[in-house]
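> Following our numbering, the numbering of the sequence shown begins with 89 at its first residue and continues without gaps.
From the three backbone atoms N, C-alpha and C, an ideal C-beta is built for every residue, glycine too.
My questions will all concern the structure given below.
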Amino acid sequence: MKSRRTITFLAFPLMASCGLLLAGRAARTKLIQATPEPQQAQQTPTIEEYQPKSTLVTKEHRVERAKFPFIDIHSHHWNPTPGEVDRLVREMDTINLRVMVNLSGGTGEQLQRTVDVMKGRYPNRFVVFANLSYDDLNTPGYGARAATRLEQDVKNGAQGLKIFKNFGMDLKYANGERVHVDDPEFDPVWRKCGELKLPVLIHVAEPSAFFDPWDCNNERWLELKEFPGRARPPAKYPPFETLIAERNHLFAKHPKTNFIAAHLAFHGNDLERLGKLFDAYPNVYVDIAAVLAELGRQPYSAHDFLIKYQDRVLMGKDIYDVNEYKWYFRSLETRDEYFEYYRKRHAFWRIYGFQVPDDILKKVYYKNALKLVPGIDAKAFPD
Ligand SMILES: [Zn+2]
């Protein structure tokens with residue numbers, strides 16, 4: 089009885105914003121009076137417990153290995169050991185993952201170590217991107233110094249620059265002022281990337297739902313319950329649209345620099361908007377890392393989008409797990425229907441394959457990355 093009351097109490101703030109649920113609650117109170125209470129409690133699963141098994145019977149095509157060798161443009165391996173790298177290569181071979189891009193190379197000595205342990209031992213299997221150090225952000229001349237460091241990192245083997253999501257959101261100057269995504273202080277860095285033909289893979293903002301109130305209308309309610317720290321409340325963060333406007337201004341300011349906006353630029357839930365972004369900025373590309381469920385819930389739109397913007401989209405996975413790539417293969421290579429996604433907190437919905445023709449699959453899997461990232465051996469890939 090005690091625990092039941094606690095649950096009702098905790099659930100109330102969420103329900104308060106939900107007229108429908110409140111009405112349902114009143115109806116249930118009546119029901120409880122007529123039904124023995126323990127039985128009722130058992131019959132109402134929590135959102136986490138509710139795992140309905142689909143009764144749909146339809147053709148399934150499990151794809152354990154990509155149809156073509158591919159490049160994962162979005163992976164993270166911090167300071168890997170030689171043993172970890174050996175294991176990675178063995179696993180990569182099982183799924184036709186030809187080249188993995190490690191976005192977490194760091195800078196300076198750390199970058200050198202990561203290049204040595206990955207590329208040094210498997211020259212054709214890994215690419216390492218550098219990251220910026222913000223340690224001296226508050227010392228005048230930061231941008232020029234960061235650009236010089238990046239140039240050195242490139243000499244040491246870096247083939248791109250990754251900007252993490254704290255940029256624009258959590259990164260602040262000593263006076264407390266937020267570093268804006270289009271802060272001119274960083275212009276020397278973006279210019280240097282253009283000059284060296286170095287792609288910038290940049291993560292700006294988060295899914296827009298993280299900026300919205302955490303209530304029962306929020307599409308990512310479950311994820312925010314599991315990870316409350318992912319919420320971006322207005323008291324602490326700029327609005328989603330502010331970050332997007334700053335980001336687009338950055339893209340406009342540096343037309344000679346190629347940007348890969350991570351995670352479908354967080355417009356996976358609005359492909360028309362993403363199309364407009366591509367139309368406005370020819371220097372912008374995206375990866376599909378960790379946002380497959382956005383495409384998988386709109387297979388017709390996703391298919392047509394990939395046909396139209398076939399030169400702008402790159403294969404990526406984000407958090408590495410060799411067993412999770414098969415959802416990407418199945419979505420891109422088949423027309424399977426209504427299958428379960430691998431992360432319920434990203435998508436409580438099921439997804440659909442949006443099979444694209446082989447020539448487009450090749451672009452997404454490797455050709456677009458080969459064009460953008462300097463120094464990958466193209467001979468390992470079919471024409
Ligand atoms: Zn990432």
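(1) Please state whether DSSP places Q386 in a helix, a strand or coil.
(2) Examine ligand 1 and report whether any of its heavy atoms sits within less than 8 Å of the Cβ of D406.
(3) Roughly how many angstroms lie between the CA atoms of A111 and T132, to the nearest whole one?
(4) Beta-carbon within less than 7 Å of E273's beta-carbon, same chain only, minus the 5 sequence neighbours each way: which residues are those?
(5) Looking at C-beta atoms only, is the number of pairs between the segment 184-201 and the segment 360-378 that lie closer than 8 Å three or more?
(6) Among E172, N244, F158, whose alpha-carbon lies nearest the alpha-carbon of G194?
(7) Is A377 a contact residue of ligand 1, with contact defined as CB to any heavy atom under 8 Å?
(8) Measure how close the beta-carbons of G384 and Y429 come, nearest whole angstrom, since I'm counting them as under 8 Å.
(9) Return yes when the Cβ of T345 is within less than 9 Å of the Cβ of C281, no when it is not.
(10) Quick check on the DSSP output: what are the complete beta strand (DSSP E) runs of length 3 or more inside the segment 353-380, in order along the chain?
(11) Distance, Cα to Cα, V452 vs D446?
(12) Does ligand 1 have a heavy atom nearer than 8 Å to the CB of L259?
(13) How is V292 classed by DSSP in three states: helix, strand or coil?
(14) Beta-carbon separation of A246 and V216 under 9 Å?
(15) At the level of alpha carbons, what is the spacing between G363 and Y397?
(16) Is P313 helix, strand or coil by DSSP?
(17) Output the distance between the C-alpha atoms of E425 and R320, rounded to the nearest integer angstrom.
(18) From S142 to E314, what does the alpha carbon distance come to, in whole angstroms?
(19) Keeping to the same chain, check which residues put their C-beta closer than 8 Å to that of Y210; ignore five residues upstream and five downstream.
(20) Have a look at V179 and V203 and give me their C-alpha separation to the nearest angstrom.
(21) Based on DSSP bridge pairs, tell me the residues matched to F393.
(22) For the segment 455-468 and the segment 405-422, state whether three or more C-beta atom pairs, one from each stretch, are separated by less than 8 Å.
(23) Say the cut is 8 Å; is the CB of L220 nearer than that to a heavy atom of ligand 1?
(24) Could you say which of W437, E421, F442, L402 lies nearest to K455 if we only look at CA atoms?
(25) Taking the beta carbon of R175 as the centre, do at least 16 other beta carbons fall within 10 Å, making it buried, or is it exposed?
(26) Identify whether F299 lies in helix, strand or coil by the three-state DSSP scheme.
(27) Between which residues of its own chain and K207 is the CB-CB distance below 7 Å, once the five residues before and five after are set aside?
(28) Check whether the segment 299-316 touches the segment 246-264, counting contact only when three or more Cβ pairs, one atom from each stretch, lie closer than 8 Å.
(29) Check M257 in the structure and name its three-state DSSP category.
(30) Tell me where the beta strand (DSSP E) around L185 begins and ends.
(31) Apart from the five residues just before and just after T422, which ones in its own chain have a Cβ nearer than 8 Å to its Cβ?
(32) Measure the alpha-carbon distance for L284 versus N371 and round it to whole angstroms.
(33) Between A350 and ligand 1, is there a pair consisting of the residue's CB and a ligand heavy atom that are separated by less than 8 Å?
(34) What residues in its chain sit with their C-beta under 8 Å from that of N336, if we drop five residues either side in the sequence?
(35) Return yes when at least one heavy atom of ligand 1 lies under 8 Å from the C-beta of H162, else no.
(36) Alpha carbon to alpha carbon, how far is R318 from Q139? Give it in angstroms, no decimals.
Considering the structure as presented:
(1) coil
(2) yes
(3) Any answer about A111 is weak, because its pLDDT of 44 lies below 50 and its placement is not dependable; what the coordinates show is given next. If I take the Cα positions, the gap works out to 16 Å.
(4) Y230, G231
(5) no
(6) N244
(7) yes
(8) 7 Å
(9) yes
(10) 372-375
(11) 10 Å
(12) no
(13) coil
(14) yes
(15) 8 Å
(16) Note on residue identity: the sequence assigns Lys, not Pro, to residue 313. It is helical.
(17) 33 Å
(18) 24 Å
(19) V173, V177
(20) Residue identity differs from the one stated: residue 179 is Glu in this sequence, not Val. About 19 Å.
(21) Note: F393 sits in no beta bridge, so no partner.
(22) no
(23) no
(24) L402
(25) exposed
(26) helix
(27) F214, V216, G245
(28) no
(29) coil
(30) 185-190
(31) H149, V151, G441, Q443
(32) 15 Å
(33) yes
(34) L365, A368, Y369
(35) yes
(36) 24 Å
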